[in-house]
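J.: Chains as they are written, first to last, in the UniProt record's numbering: chain A, 1 to 434; chain B, 1 to 459.
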Amino acid sequence: MADSGSEEIAVIGNTDLTPSESENNLKNTMVEKGTSLLKMMEISVAEAEKRTGKNAVNMQETYTVYLIETRPVDAASEGTNPVPDSLWRRYSEFELLRNYLLVTYPFSVVPPLPEKRAEFVWHKLSADNMDPDFVERRRVGLENFLLRVASHPDLSSDKIFYSFLTEENGWKETVFETGFQAKADSRLKALNATFRVKNPDKRFAEMKHYGDELQSVISQLLRVRARAADRLYGVYKVHGNYGRVFSEWSAIEKEMGDGLQSAGHHMDAYAASVDDILEEEEHYADQLKEYLFYADALRAVCRKHELTQYELEMAAQDLTSKKQQREELATGTIRTFSLKGMTSKLFGQETPEQREAKVKMLETQIEEGEELVKERNTECEEFVKSAWVDIERFKEQKDHDLREALISYAIMQISMCKKGIQVWNNAKECFSKM
Amino acid sequence: MLRLLSQQLRLNERDLHASVFGPGKDSKTDTSTTQTDGSSFNASMQTSPASMINQYKFEEEEEDADTKDIFVTVDNPESHVTAIETYITYRVETKTTRSEFDSSEFEVRRRYQDFLWLKGRLEEAHPTLIVHPLPEKFVMKGMVERFNEDFIETRRRALHKFLNKIAEHPIFSSSEDFKIFLTAGSGELTSHKKQGPGFLSRMGETVKAVAAAVRGVRNRPQEFTDMQEYAEAFSQKISSLDKVTQRIVREQKEYLEELKECGPTYALWSQSEQELAEPLKNVAGCVDNCCKETEEQVKHLNDHLIPVLHEYVLCADTLKAVLRRRDNIQADFEGKTEALATKKADRDADSKVLSLAWDSLVGRSPEEVKQQKQQKLKGEIKEMRDELDKAEDRLEWANNALKTDWTRWQKVMRTDLRSAFIDTAERNVSYYEKCLAVWESFLQSQRTDAEGNGNVDSS
Chain A
1 MADSGSEEIA
11 VIGNTDLTPS
21 ESENNLKNTM
31 VEKGTSLLKM
41 MEISVAEAEK
51 RTGKNAVNMQ
61 ETYTVYLIET
71 RPVDAASEGT
81 NPVPDSLWRR
91 YSEFELLRNY
101 LLVTYPFSVV
111 PPLPEKRAEF
121 VWHKLSADNM
131 DPDFVERRRV
141 GLENFLLRVA
151 SHPDLSSDKI
161 FYSFLTEENG
171 WKETVFETGF
181 QAKADSRLKA
191 LNATFRVKNP
201 DKRFAEMKHY
211 GDELQSVISQ
221 LLRVRARAAD
231 RLYGVYKVHG
241 NYGRVFSEWS
251 AIEKEMGDGL
261 QSAGHHMDAY
271 AASVDDILEE
281 EEHYADQLKE
291 YLFYADALRA
301 VCRKHELTQY
311 ELEMAAQDLT
321 SKKQQREELA
331 TGTIRTFSLK
341 GMTSKLFGQE
351 TPEQREAKVK
361 MLETQIEEGE
371 ELVKERNTEC
381 EEFVKSAWVD
391 IERFKEQKDH
401 DLREALISYA
411 IMQISMCKKG
421 IQVWNNAKEC
431 FSKM
Chain B
1 MLRLLSQQLR
11 LNERDLHASV
21 FGPGKDSKTD
31 TSTTQTDGSS
41 FNASMQTSPA
51 SMINQYKFEE
61 EEEDADTKDI
71 FVTVDNPESH
81 VTAIETYITY
91 RVETKTTRSE
101 FDSSEFEVRR
111 RYQDFLWLKG
121 RLEEAHPTLI
131 VHPLPEKFVM
141 KGMVERFNED
151 FIETRRRALH
161 KFLNKIAEHP
171 IFSSSEDFKI
181 FLTAGSGELT
191 SHKKQGPGFL
201 SRMGETVKAV
211 AAAVRGVRNR
221 PQEFTDMQEY
231 AEAFSQKISS
241 LDKVTQRIVR
251 EQKEYLEELK
261 ECGPTYALWS
271 QSEQELAEPL
281 KNVAGCVDNC
291 CKETEEQVKH
301 LNDHLIPVLH
311 EYVLCADTLK
321 AVLRRRDNIQ
331 ADFEGKTEAL
341 ATKKADRDAD
351 SKVLSLAWDS
361 LVGRSPEEVK
371 QQKQQKLKGE
381 IKEMRDELDK
391 AEDRLEWANN
401 ALKTDWTRWQ
411 KVMRTDLRSA
421 FIDTAERNVS
431 YYEKCLAVWE
441 SFLQSQRTDA
451 EGNGNVDSS
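1) Give every residue of the same chain whose Cβ lies closer than 6 Å to the Cβ of A/Pro106, excluding the five residues on either side of it in the sequence, and list them in chain order.
2) Output, in sequence order along the chain, the residues in the segment 235-250 of chain B whose CB is closer than 7 Å to any CB in chain A.
3) The beta strand (DSSP E) with A/Glu392 in it runs from where to where?
4) Would B/Asp348 be called buried (16 or more neighbouring beta carbons within 10 Å of its own) or exposed?
5) Relative to the C-alpha of A/Glu119, which candidate in A/Glu168, A/Asn377, A/Asn129 and A/Arg90 has its C-alpha closest?
6) Which residues, in order along the segment 397-417 of chain B, keep a beta-carbon less than 8 Å from a beta-carbon of chain A?
7) Just to confirm my understanding: we take A/Tyr63, look at its own chain, exclude 5 residues before and 5 after, and list those with CB closer than 7 Å. What are they?
8) Shorter than 8 Å from the beta carbon of A/Cys417 to some beta carbon of chain B?
9) Give me the Cβ distance between A/Ala410 and B/Trp439, rounded to the nearest whole Å; I'm assuming they're in contact under 8 Å.
10) By DSSP, does A/Lys50 sit in helix, in strand, or in coil?
11) Alpha carbon to alpha carbon, what distance is there between B/Asn148 and B/Lys260?
12) Closer than 8 Å is the cut-off here; do at least three beta carbon pairs connect the segment 232-247 of chain A with the segment 266-276 of chain A?
13) The alpha helix (DSSP H) with A/Tyr63 in it runs from where to where?
14) Between A/Asp185, A/Leu298 and A/Val140, which lies nearest to A/Ala387 when the distance is taken from Cα to Cα?
15) Go ahead and label A/Gly141 buried or exposed: buried means 16 or more other beta carbons lie within 10 angstroms of its beta carbon, across all protein chains shown.
16) Give me the Cα-Cα distance between B/Gly335 and B/Asp386, rounded to the nearest whole angstrom.
17) Exposed or buried, what is B/Ala50 when buried is set at 16 or more other beta-carbons lying within 10 Å of its beta-carbon?
18) Going along chain B, which residues have a C-beta under 8 Å from A/Glu255?
19) By Cβ distance below 8 Å, which residues in the same chain neighbour A/Arg326 in space, the five residues on each side in sequence not counted?
20) Using the rule of at least 16 other Cβ atoms within 10 Å of the residue's Cβ for burial, across every protein chain shown, is B/Phe41 buried or exposed?
21) Counting only Cβ-Cβ distances shorter than 8 Å, please list the residues of the segment 211-222 of chain A near chain B, keeping chain order.
22) According to DSSP, simplified to helix, strand and coil, what is B/Ile422?
23) Since B/Ile329 and B/Ala398 should fall inside the 8 Å C-beta cutoff, what is the C-beta to C-beta distance between them, to a whole number of angstroms?
24) Three or more C-beta pairs under 8 Å: does that hold for the segment 377-393 of chain B against the segment 336-347 of chain B?
25) Return the CA-CA distance between B/Ser445 and B/Arg156, expressed in angstroms with no decimal places.
26) Whose C-beta lies closer than 8 Å to the C-beta of residue 460 of chain B among residues of the same chain, with five residues either side of it excluded?
27) Any idea which residues DSSP pairs B/Trp406 with across the strands?
28) Does the beta-carbon distance from B/His132 to B/Ile166 come in below 8 Å?
29) List the residues of chain B whose Cβ lies closer than 8 Å to the Cβ of A/Val245, in chain order.
30) Could you pull out every unbroken alpha helix (DSSP H) segment of at least 4 residues lying fully inside the segment 144-183 of chain A, listed in chain order?
31) Once DSSP output is grouped into helix, strand and coil, what is the label at B/Pro77?
32) Mind reading off the beta-carbon distance from B/Ala255 to A/Val423? Whole number of angstroms is fine, and I expect it under 8 Å.
33) Return the chain-ordered list of same chain residues with a C-beta closer than 6 Å to the C-beta of A/Leu214, the five sequence neighbours on each side being excluded.
34) What separation, rounded to the nearest whole angstrom, lies between the Cα atoms of residue 460 of chain A and A/Lys183?
35) Which residues mark the beginning and the end of the alpha helix (DSSP H) in which B/Glu254 is found?
36) Can you confirm whether B/Tyr230, when its beta carbon is compared against all beta carbons of chain A, has any partner nearer than 8 Å?
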């Protein structure tokens, strides 16, 4: 069983990972092990490839596909290394899976996908979706997504998810057959509920507010960080000019020549070192981005709560008004305005038989109404219960992951400082020989 | 080197002899154009040959703090407002054990113009020696005001360096003008400034220099051509370094601007969090600390490396000017050599029929005329010969002075630039060490937290 140690990760797909790469994976995919699906299988997104084909409107297009590899856990630990099962999926299929999960598990904070388009770029990164660096980072992000879903207490046991991982053909049809698209709440309906709900659970209102703040502050942080990275790149690269000029200068000097020349090499090394430094920082940025998108998932759950609560309130309101109508009919007093009432006043009273029929209808409606309210109440309560459990789980995960991210950021800074110390000490030695 | 030194000594004594005992060749009153360039002995050099020997032995003695016998500081800028202008004076303090100074401590106030005057005097007296540059009159970049604090401080530092370089120079430091600059009250200085070659003689010198430059030097020795090439190349390289360093400072400043926003963003985030609040606040603090360190580091670059590089950009120009002046001296010598040869040819040529015919017209006998002419030519030739000798001496003196000072300058340059770069490297190491400590303390705090909470930290 591959559960030795709380920080061990289930991702192994690519067996020639260097120790630093595995560590990177560790930092990127901080998922807890030990939940249902991951106990049985190892999942990874091993490769990415370019494909061309005809799209829906019969035009040629180029797109990227990702190789999903799965392997039963037992096989690896037994020492044999069977070829993993694998299939290719496009980003749009991942999106489809996620939309399905969103509709089917509205009380879960559904893990986010890596961004569709490169945002918060600094000058070196290409905003092009075909750029190999972008594709690579997306591959890692997709793997992370799958691992998060696979370790989620509710989502991991979903059949559609399982077939996404294991059945290449016909998966799309299977998803559509679930009819999940029909169950989706319209945006308008959700928005309406947000404005009109009277008594939402305070905790959810707070969570939604927190989601807003989290999204705003992480966006700001990512923007600022990207700009700072751009500037830092400039600083390091200009030092490369020292290398060139020292080298040229050393040609006209006698005693100073050697010292200058070797100092110049160190300046070149310093300038080159920024590439690795900033690439590592991109991993950190990706970790932040994940939680930027998680904020959205969190808010989605809160909005769903508002919706269920609103529907309960509507049903209750409807019931109350029907009961009132019944009362009026029984006592003959008209407290609520109704066209029928007015017209009967104007054009004469109704017959006792008519009134009798009305009362009967109302009674039925009230019965149905009470059932509905009961139903909706249960729905609401259950939703609140499940959702809150998942929100608490999410909170813990977020606190843990982000704290680890901050620590890894500090480690990166330390590594950068150490490199700097080394380079400048070397340069100093060369200068002493000038 | 010793041979050179003894050569110098012979030259010194000859010129000294000539200036002291020669007929009326005192540069204070001498308007002869042969004296105002190249000769190192005018009124400002009233040192004995003996002390000259001592001072020229710089090769054997290192200028340690132990053997340093004069200390000059420039500080305390003050602004003065008069009806006509506003200007800054600096306090110049001198402490010395040298016997030629009347006392061991002096304190005077000088303005930029005074420094310019001193530099001019030194250059006049020693056209082929390398005078350390003064800070520029105006900084064109960014329209810096003359009375801006940073500008004044930068200038003060440069003026301080200038005087110290003069004090460390074996020849300049014994200049009378230098001594007066350091010790005279402002009235005394003003009246001393009024002495020296008058306007007319200066004009004459300029005309001469232009003529020499136009004439051009014919047979420049290879070593001076090599120096010229070096000066060109050095000038380019040091200018590049200056530009690169300034660009680095600019980029660092822009990086700092962005980094300054990171800390507050982490702090803002911490306000929405509970568990994460403390590590986020911690990170915010770390980023802010790194900002401070970056600021210090940029300031250091600005205050230490850039001024030195800038000084040597100006030095490169001085090198080129010194080589030009040497060329002019050689061109002058070559011109005089040619003129003498022409005159000699005149003398050796037989009397021409035409000139005899003319002379007989004016009623003189051919023998008489020939005699008179030969006499005249002889006199002229003697004079030109004397002048040529002087020009030759001057040239030899100039060449040797230049060669010696060039070697000296290269040593000083090497020391200055080496220590400036070492200093910068050390500062950078220190910067990274400080930032390292900041982040390590963060890690430490997180480990302590984690252990406190019973978790095992993955780092």
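Note that the Cβ used here is the ideal one computed from N, Cα and C, for glycine as well. For clarity, every value in this text was computed on a predicted model and none was experimentally measured.
T.: In brief:
1) For the purposes of this step, residue 106 of chain A is taken as the residue at position 106 of the first sequence. Excluding positions up to five away in sequence, the list reads Lys304.
2) Contact annotation: in the segment 235-250 of chain B, residues whose CB is within less than 7 Å of a CB in chain A are Lys237, Ser240, Leu241, Val244, Arg247 and Ile248.
3) Reading the first sequence from its first residue, position 392 is the one you call residue 392 of chain A. From DSSP, A/Glu392 is part of no beta strand (DSSP E) but of the alpha helix (DSSP H) over Pro352 to Ser432.
4) Your numbering for residue 348 of chain B matches position 348 in the second sequence. B/Asp348 comes out exposed.
5) Within the first sequence, the letter at position 119 stands for residue 119 of chain A. The option with the nearest alpha carbon to A/Glu119 is A/Asn129.
6) Those residues of the segment 397-417 of chain B that come within reach of chain A (Cβ to Cβ, closer than 8 Å) are Arg414 and Leu417.
7) For this step, residue 63 of chain A is matched to residue 63 along the first sequence. The answer, listed in chain order, is Arg51 and Arg90.
8) Translated into positions along the first sequence, residue 417 of chain A becomes position 417. Answer yes: the Cβ-Cβ gap between A/Cys417 and chain B drops below 8 Å somewhere.
9) Counting from 1 along the first sequence, the entry for residue 410 of chain A is found at position 410. Counting from 1 along the second sequence, the entry for residue 439 of chain B is found at position 439. Confirmed, about 5 Å.
10) For the purposes of this step, residue 50 of chain A is identified with residue 50 of the first sequence, where counting begins at 1. Three-state result, A/Lys50: strand.
11) To locate residue 260 of chain B, count along the second sequence from 1; it is residue 260. To locate residue 148 of chain B, count along the second sequence from 1; it is residue 148. Going by the C-alpha atoms only, they are around 26 Å apart.
12) They touch, by the three-pair rule.
13) Mapped onto the first sequence, residue 63 of chain A falls at position 63. Segment Gln60 to Pro72 is the beta strand (DSSP E) holding A/Tyr63; no alpha helix (DSSP H) there.
14) Taking the first sequence and counting its residues from 1, the one referred to as residue 387 of chain A is at position 387. Measuring from the Cα of A/Ala387, the nearest candidate turns out to be A/Leu298.
15) Taking the first sequence and counting its residues from 1, the one referred to as residue 141 of chain A is at position 141. A/Gly141 comes out buried.
16) Here residue 335 of chain B refers to the residue found at position 335 of the second sequence. Here residue 386 of chain B refers to the residue found at position 386 of the second sequence. Taking the straight line from one Cα to the other gives about 14 Å.
17) Taking the first residue of the second sequence as 1, we reach residue 50 of chain B at position 50. Bear in mind that the predicted position of B/Ala50 carries a pLDDT of just 41, short of 50, making it unreliable; the figure below should be weighed with that in mind. With fewer than 16 Cβ atoms within 10 Å of its Cβ, B/Ala50 is classed as exposed.
18) As a first step, residue 255 of chain A is located in the first sequence; it is residue number 255 there, counting from the start. Within chain B, the residues near A/Glu255 are Arg414.
19) Indexing the first sequence from 1 puts residue 326 of chain A at position 326. Non-local C-beta neighbours of A/Arg326 in its own chain, meaning closer than 8 Å and more than five positions away in sequence, comprise Val359, Leu362, Glu363 and Ile366, ordered along the chain.
20) Reading the second sequence from its first residue, position 41 is the one you call residue 41 of chain B. Bear in mind that the predicted position of B/Phe41 carries a pLDDT of just 39, short of 50, making it too unreliable to give a figure here.
21) Look at the segment 211-222 of chain A: the residues with a C-beta under 8 Å from a C-beta of chain B are Glu213, Leu214, Val217, Ile218, Gln220 and Leu221.
22) Position 422 of the second sequence, counting from 1, holds the residue named residue 422 of chain B. In the structure shown, B/Ile422 falls within a helical segment according to DSSP collapsed to helix, strand and coil.
23) Counting from one through the second sequence, the residue named residue 329 of chain B turns up at place 329. Counting from one through the second sequence, the residue named residue 398 of chain B turns up at place 398. Yes, they are in contact, since the Cβ atoms of B/Ile329 and B/Ala398 sit about 5 Å apart, within 8 Å.
24) Contact holds: three or more Cβ-Cβ distances are below 8 Å.
25) Working through the second sequence from its first residue, we reach residue 445 of chain B at position 445. Working through the second sequence from its first residue, we reach residue 156 of chain B at position 156. Rounded to whole angstroms, B/Ser445 to B/Arg156 spans 46 Å at the Cα level.
26) Outside the shown range of chain B, which is 1 to 459, sits residue 460 of chain B, and nothing can be said about it.
27) By one-based count along the second sequence, residue 406 of chain B stands at place 406. Per the DSSP secondary-structure output, B/Trp406 pairs with nothing in a beta bridge.
28) Here the question's residue 132 of chain B lines up with position 132 in the second sequence. Here the question's residue 166 of chain B lines up with position 166 in the second sequence. For B/His132 and B/Ile166, yes; Cβs fall inside 8 Å.
29) For the purposes of this step, residue 245 of chain A is taken as residue 245 along the first sequence, with counting starting at 1. Close to A/Val245, with beta-carbon spacing below 8 Å, are these residues of chain B in chain order: Lys237, Ser240, Leu241 and Val244.
30) Listed in chain order, they are 159-166, 171-177 and 180-183.
31) To locate residue 77 of chain B, count along the second sequence from 1; it is residue 77. Three-state result, B/Pro77: strand.
32) Within the second sequence, numbered from 1, the residue matching residue 255 of chain B stands at position 255. Within the first sequence, numbered from 1, the residue matching residue 423 of chain A stands at position 423. Inspection of the sequence shows that residue 255 of chain B is occupied by Tyr rather than by Ala. Contact flag wrong, Cβ pair sits at about 17 Å.
33) Position 214 of the first sequence, counted from the first residue, corresponds to residue 214 of chain A. So the list reads Ala295, once near-sequence residues are dropped.
34) One cannot answer for residue 460 of chain A here, as it falls past the ends of chain A, which runs 1 to 434.
35) Stepping through the second sequence from its first residue, residue 254 of chain B is reached at position 254. Where B/Glu254 is concerned, the enclosing alpha helix (DSSP H) stretches over Gln222 to Ser270.
36) If you number the second sequence from 1, residue 230 of chain B lands on position 230. Taking 8 Å as the threshold, the shortest C-beta distance from B/Tyr230 to chain A falls below it.
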